[in-house]
Amino acid sequence: YSVDNEEPLPSLEITVPRDLADGFINNKRESYKFKFQKIFDQEAKQDAIFDSIAKPVAECVLAGYNGTIFAYGQTGSGKTFTITGGAERYSDRGIIPRTLSYIFDQLQKDSSKVYTTHVSYLEIYNECGYDLLDPRHETSKMEDLPKVTIMEDSDQNIHLKNLSLQQATNEEEALNLLFLGDTNRMIAETPMNQASSRSHCIFTIHITSKEPGSATIRRSKLHLVDLAGSERVAKTGIGGHLLTEAKYINLSLHYLEQVIIALAEKNRSHIPYRNSMMTSVLRDSLGGNCMTTMIAMLAMDKRNIDESISTCRFAQRVALIKNEAVLNEEIDPRLMIIQLKKEIQDLKDELALVTGKQRKSELSQEELLQLDELIETFLKDNDPDSSLDVGADMRKIKYCFVHMKQIINHPMTSGKKLLSEDISEEKNSNEELEKLKGLLQQRDNEINILVTMLKKEKKKARDTLSQLNATSAGSAVLEQSPSMSLEESQSPSRCSSLKEAKVSSSSIPRLPFPSRATGGKMSLGCQEAFEIFKQDHADSITIEDNKQLLKQRFDEAKCLGEKLNEVRNKINHLKGKIIQRQIQRAALAVLNPSEELTFDPVEENLRIQIEEEKKSYKTVYSRFKGLKVEIEHLQLLMEKVKMKVQKDFEVWWSEEAKKFQEKPEMVDSPNTVNPVYPQFIRSSQHLSPISFSDTSRESPNEDPPVKNNSVTSGSPALKTR
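If you read the sequence shown in this note's numbering, its first letter stands for residue 37, the second for the next number, and so on.
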């Protein structure tokens, strides 16, 4: 391949060598040329990629526009490294940590607006969505976790149920959430990649900004998408669970390509967004209200030429899509209600100023009686030119119309019963109805409380019953133990010790590796194995390097802190000198009022020294602040590597325990003992020294088969263990 970085658009040319197996005459293309907005070679650094790709999108998000950055390519091409970054060095930080650092830095500088930041982390594994920030990830299986479901409102806006929005007030909290989500991701070892991402992940940053006193709110979001890599199953030769994952990955990427092709066509009426969960979530990013950037990752190897050409063609189709990004502004309803209430009150005050009366929302009882008299007089008057004058009050006019309508509809009761009486009766009935509603609500609350208490009591009774069943099951196990043989009856102490060992080994479940979630303590043998495993692990060098680097950074931060204290003390000392100088000059001016105050070069020199010390203080403080961010990042990286080592040890420990369980327990002679399994070691810790000494005694009348199957503590192997 060759890269041509000439303006206006750089181009990438891929040359496919001619294969002699296809024959001397063939019409296959040998050269493919693709143009992109920017091409990064293998030697490109992470900061250059962030400045060219992510920084413009982050600036648009801060201005109120939606943004999306997603990486696409085959498995093992470097998508996760570009989006999230590597765990070895601080300079290997990816787009997500650098974007978080840049956004919070800009928010801290801008004091004209009030910002609120939230973070969400969605994983799409086998076409099912999971919340990576759910704290139940560590203690539950993936099948038991609540699935994230897609809900659509009337305006075709997508809402994700069971996906949490975690507030992040600073960069440190956001990075902690990112590392928590990365720890819970699904990864596996494949023939193409040692740590292959088996799921699509979408890290979203939600930003809300508002100027103080303004009713306008700006809401924007930034999707940072790490897609799972496509792979050809025929080439990798995987099977089983990995094959199922590869099917779902390739299917979702196929649906993504269908959406891209449909959006590129001009006269296409239907876009198949609903075919997969990923395209539904990224609906705005693909042809909607969003500024989208795609990174095409290529693994430039002779074996992967076909996949690289397919990725470039896909990127060319994505470049044909046109999005319409608009500023996401809306009116805050709470502030709007406050403004409208204030406007209504102002209008009421103006009306009271013009009429000279304070206007209320409802008519008083006296005004209602006066209107009833006016209406009755108007109806009894036979003069065709008579009029009903109630003044310029819409409340009175509406009341008169309602009263006239009632008279027309009910002529018999109109003369006997006035409308004011109906209104008073209606008010009384409404008050009585409200009282009955309140009483009913109170009874409902009491019933709910009693039902809750009853459920708690039922649960306690059920737990007690389950404990009794467990104890009865344990006693049944003891009763079903094999009866003592003739030889065992001759040595009762030995028999009791062996029974105790059997009961303890059967009643205590074997833990492959005690985890923090269960709160089990690690045995001494397990601790020793973990220390040896940690020394031989592939990441031990990385841990040691990070420890040394962290120690250097701590020493440097300590020196900078001492220097800052020294500069601060020096500045305070110089300020004290200036104050003393000013007091001395003021005293001289009081003693000699005729002399004018002249320029003091000593004081000016002290002020210059203070300014120089302030500059040095700012320089040292900026370096100290950068060191703090780097130290926190290194600590998070070390924690992540330690958790990985511990998980690998858990897998190894459980496999070793399974191997021991599969071996049959056989003893060849009385003096030789087979290796004791982890389960027996754990149970033998409950035996007393007296039981071991008793088991070593043998009866002279024992038969050879019984003798071969007995466990003796006098052998050196058992003593060592």
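Beta carbons are placed, not taken as given, at the ideal position from N, Cα and C, and that holds for glycine.
Here the structure is a predicted model, which means the values were calculated and not measured.
Beta-carbon contacts of residue i that lie in its chain and below 6 angstroms, excluding the five residues immediately before and after
| i | result |
| --- | --- |
| Arg255 | Thr244 and Asn364 |
| Val317 | none |
| Pro53 | none |
| Ser38 | Glu49 |
| Leu672 | Phe215 |
| Val261 | Phe106 and Ile238 |
| Leu476 | none |
| Arg552 | Its pLDDT being 41, under 50, Arg552 is placed unreliably in this model, and the coordinates cannot settle the point. |
| Phe70 | Leu48 and Cys348 |
| Gln202 | Val155, Leu169 and Leu213 |
| Lys538 | A caution first: Lys538 carries a pLDDT of 38, below 50, which makes its placement in the model unreliable, though a value can still be read off. If we look at Lys538 and ignore the five residues flanking it on each side, it has no Cβ neighbours. |
Given residue i as reference, the closest of the options once Cα atoms are compared
| i | options | result |
| --- | --- | --- |
| Glu366 | Glu247, Leu469, Asn605 and Arg498 | Glu247 |
| Lys759 | His609, Ser652 and Phe566 | Shown here, the chain extends from 37 to 757; a query on residue 759 therefore has no answer. |
| Phe685 | Asp180, Ile119, Gln571 and Leu387 | Gln571 |
| Glu592 | Val677, Lys492, Phe660 and Gly100 | Phe660 |
| Tyr161 | Tyr284, Val150, Ser137 and Asn641 | Tyr284 |
| Glu66 | Ile139, His446, Ile345 and Gln294 | Ile345 |
| Ile614 | Asn628, Asn601, Val638 and Glu602 | Val638 |
| Leu399 | Gln381, Asp429, Ser422 and Asp382 | Asp429 |
| Leu168 | Val150, Glu208, Asp218 and Gln144 | Asp218 |
| Tyr68 | His573, His259 and Glu343 | Glu343 |
| Ala567 | Lys463, Trp689, Arg589 and Gln620 | According to the sequence provided, residue 567 is Glu. The question's Ala does not apply to it. Closest by alpha carbon: Trp689. |
| Asp636 | Gln620, Lys177 and Asp40 | Gln620 |
| Asp77 | Lys64, Leu405, Asp40 and Glu95 | Asp40 |
| Thr185 | Glu43, Met314, Pro92 and Thr175 | Met314 |
| Lys664 | Cys595, Leu627, Lys471 and His446 | Cys595 |
Whole-angstrom C-beta distance between residue j and residue i, which should lie under 8 angstroms
| i | j | result |
| --- | --- | --- |
| Ala351 | Met330 | 6 angstroms |
| Asp200 | Ser156 | A small fix is needed here, since residue 200 is Ser in this sequence, not Asp. Sure, about 7 angstroms apart at Cβ, within 8 angstroms. |
| Ile75 | Pro46 | 5 angstroms |
| Thr347 | Tyr657 | Not really, about 46 angstroms apart at Cβ, beyond 8 angstroms. |
| Arg221 | Glu267 | Arg221 to Glu267, Cβ: 18 angstroms. No contact. |
| Arg353 | Ala300 | 5 angstroms |
| Asp575 | Lys680 | 7 angstroms |
| Ile357 | Leu322 | 7 angstroms |
| Leu98 | Leu211 | In fact, because the Cβ distance is near 19 angstroms, the residues do not count as touching under 8 angstroms. |
| Ile646 | Leu610 | 5 angstroms |
| Leu670 | Leu586 | 5 angstroms |
| Thr111 | Gly265 | 3 angstroms |
| Glu649 | Ile607 | 5 angstroms |
| Thr5 | Met333 | The requested residue 5 is not part of the displayed model; the chain covers only 37 to 757. |
| Val687 | Met327 | In fact, because the Cβ distance is near 43 angstroms, the residues do not count as touching under 8 angstroms. |
| Ala90 | Thr153 | Between Thr153 and Ala90 the Cβ distance is about 17 angstroms, and since that is not below 8 angstroms, they are no contact. |
Those residues which DSSP pairs with residue i across a bridge
| i | result |
| --- | --- |
| Ile241 | Val155 and Leu258 |
| Ile194 | Glu188 |
| Gly121 | Arg129 |
| Asp180 | Its beta-bridge partners do not exist; DSSP assigns none. |
| Thr365 | Strictly speaking, residue 365 in this sequence is Glu, with Thr absent from that position. Arg254. |
| Tyr138 | Paired residue(s): none; Tyr138 is not in a bridge. |
| His236 | Ile160 |
| Ile50 | Tyr68 |
| Gly324 | BP columns for Gly324 are empty, so no partner. |
Same chain, Cβ closer than 8 angstroms to residue i, neighbours up to 5 away in sequence not counted
| i | result |
| --- | --- |
| Lys183 | Cys164, Gly165, Tyr166 and Asn198 |
| Glu403 | Lys432 |
| Thr578 | Ala123, Glu124 and Val677 |
| Gly597 | Phe660 |
| Phe590 | Ile667 |
Sequence-distant residues of the same chain with beta carbon closer than 7 angstroms to residue i, five excluded per side
| i | result |
| --- | --- |
| Leu371 | Ala251 |
| Asn325 | Asn102, Glu360, Ala361 and Val362 |
| Glu281 | Asn162 and Arg234 |
| Asn605 | none |
| Ser422 | Phe414 |
| Glu293 | Phe350 |
| Asn582 | Leu670, Leu673 and Met674 |
| Ile194 | Ile186, Glu188, Ser316, Val317 and Arg319 |
Check your understanding: Taking three-plus beta-carbon pairs below 8 angstroms as touching, is the region 67 to 87 in contact with the region 119 to 136?
Key -> yes
Check your understanding: Is there contact between the region 288 to 304 and the region 132 to 146, where contact requires at least three CB pairs shorter than 8 angstroms?
Key -> no
Point to revise | contact_flag[the region 410 to 420, the region 436 to 447] where n(CB pairs < 8 angstroms) is 3 or more | key: yes
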